[in-house]
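To keep things clear, I will list the structure first and then write my remarks on it.
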Amino acid sequence: MKTVYINCSPKKKFSASSYFLFLQKLFVRGKKVSETLRGPADHGRILENIKDADAVVFGLPLYVDSVPSHVLRFMKEMECFCKEENIHPCVYCIANNGFIEGSQNEPLMQCFENFCSRSGLPFGGGVGIGGGVMLNVTRILFIVDIALLVLNTVLSIVNTGAFFSKEAWISFGENAALLLYFNLGVLYYLGRMGSHISKGSCAGKKYTRILIPSFVFILFADVFFIIASVFEGGIFRGWLAKKEIEKV
Ligand SMILES: Cc1cc2nc3c(=O)[nH]c(=O)nc-3n(C[C@H](O)[C@H](O)[C@H](O)COP(=O)(O)O)c2cc1C
């Protein structure tokens with residue numbers, strides 16, 4: 004069986020969609036083909052790959068409570084293509100959003116259901132993931148955790164001659180367990196959908212989120228966006244700058 008995974012994030016690197024698609028692939032058997040959709044130049048290549056696929060998995064961000072416009076454009080072309088070629092791959096969807104509630108992806112899921120019904124394709128279901136940006140950061144933190152383990156092991160060899168540092172491993176284990184906990188909802192639902200993709204059956208629509216309380220999420224999100232604003236255009240993005248008054 005062949006599954007085509009389409010990363011629909013416009014970001015070239017480190018998109019949350021690429022993270023969730025990576026996790027999804029771990030749970031699906033058979034041939035896996037990865038594609039990226041950023042614009043019309045990608046359409047022909049992706050459609051050619053879909054021709055003999057049993058399943059197509061869209062990984063995409065939620066934009067303004069719906070499907071990003073460049074993906075809508077592709078869906079229109081895919082509808083015609085599937086009808087012309089008389090092909091019926093099962094369509095699955097992994098949507099993620101910045102806010103914490105995964106259920107915000109429901110309108111997007113409905114767009115995919117409507118697209119499938121119009122194109123004569125079976126809709127295999129999807130997973131809507133809240134706190135996508137923060138979950139994406141957990142994979143970077145995991146790499147930092149590994150780097151710290153290596154550093155602590157080197158320091159332990161230099162200082163005491165011992166290769167195995169108990170403290171370093173305990174600290175690594177604690178951090179890794181915390182990061183795993185944040186991702187548990189995502190892993191559960193992607194694992195569940197993976198088994199449906201392998202069988203070609205319908206997984207239904209499921210919603211999950213990063214497993215932290217909302218008030219903690221808001222606190223971290225505020226700090227994150229203040230830091231992001233400083234790096235990407237100055238604090239408060241010119242709110243305090245003198246404004247030109249437009250004369251009518
Ligand atoms: C133009 C735009 C619109 C967005 N609209 C929403 C939205 O309506 N609700 C939401 O929760 N997040 C929204 N987001 C945040 C993205 O869904 C979020 O950053 C997502 O994790 C990006 O996924 P990616 O890294 O795979 O591109 C929006 C982001 C952008 C750039």
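Under this note's numbering, residue 251 is the last one in the sequence shown; the count climbs by one each step, no gaps. Quick reminder that beta carbons are idealized off the backbone N, C-alpha and C, glycines included.
Quick one: what's residue i bridged to in DSSP?
| i | result |
| --- | --- |
| K34 | K5 |
| T39 | N10 |
| K208 | G129 |
| V98 | Checking the displayed sequence, the identity of residue 98 turns out to be Ala instead of Val. Paired residue(s): L63 and G131. |
| S69 | Y66 |
| C93 | A58 |
Residue i: which of the options sits nearest, CA to CA?
| i | options | result |
| --- | --- | --- |
| L144 | I200, F185, V161 and H91 | F185 |
| I200 | P125, N178, A179 and D148 | P125 |
| F115 | V60, M196 and V136 | V60 |
| C11 | F227, G42 and G176 | G42 |
| V130 | M81, K209 and K16 | K209 |
| K15 | L151, A171, E38 and F228 | E38 |
| L152 | R142, F77 and E170 | E170 |
| V70 | V140, G135, A19 and N99 | N99 |
| F118 | V147, Q107 and E80 | E80 |
| E82 | I53, A179 and L154 | I53 |
| A206 | L26, G127 and I229 | G127 |
| R212 | L190, L222 and F227 | L190 |
Whole angstroms are fine: how far does the CA of residue j sit from the CA of residue i?
| i | j | result |
| --- | --- | --- |
| Y22 | I248 | 45 Å |
| G133 | V31 | 22 Å |
| I49 | V36 | 10 Å |
| H91 | V7 | 13 Å |
| P110 | L24 | 21 Å |
| V140 | A56 | 32 Å |
| S20 | L214 | 18 Å |
| F102 | K28 | 25 Å |
| C96 | G105 | 13 Å |
| M78 | D68 | 17 Å |
| G62 | L75 | 13 Å |
| G188 | E177 | 19 Å |
| L65 | V136 | 11 Å |
| E87 | Y192 | 34 Å |
| A150 | S120 | 48 Å |
| I230 | H73 | 29 Å |
Is there at least one non-hydrogen atom of ligand 1 closer than 8 Å to the beta-carbon of residue i?
| i | result |
| --- | --- |
| N89 | no |
| A19 | yes |
| S12 | yes |
| D45 | no |
| V147 | no |
| L63 | yes |
| N162 | no |
| D68 | yes |
| V140 | no |
| V189 | no |
| Q113 | no |
| V94 | no |
| V74 | no |
| G197 | no |
| F234 | no |
| V60 | no |
| I102 | Here the sequence assigns Phe to residue 102, which means Ile is not the residue at that position. Yes, since a heavy atom of ligand 1 falls inside the 8 Å radius drawn around the Cβ of F102. |
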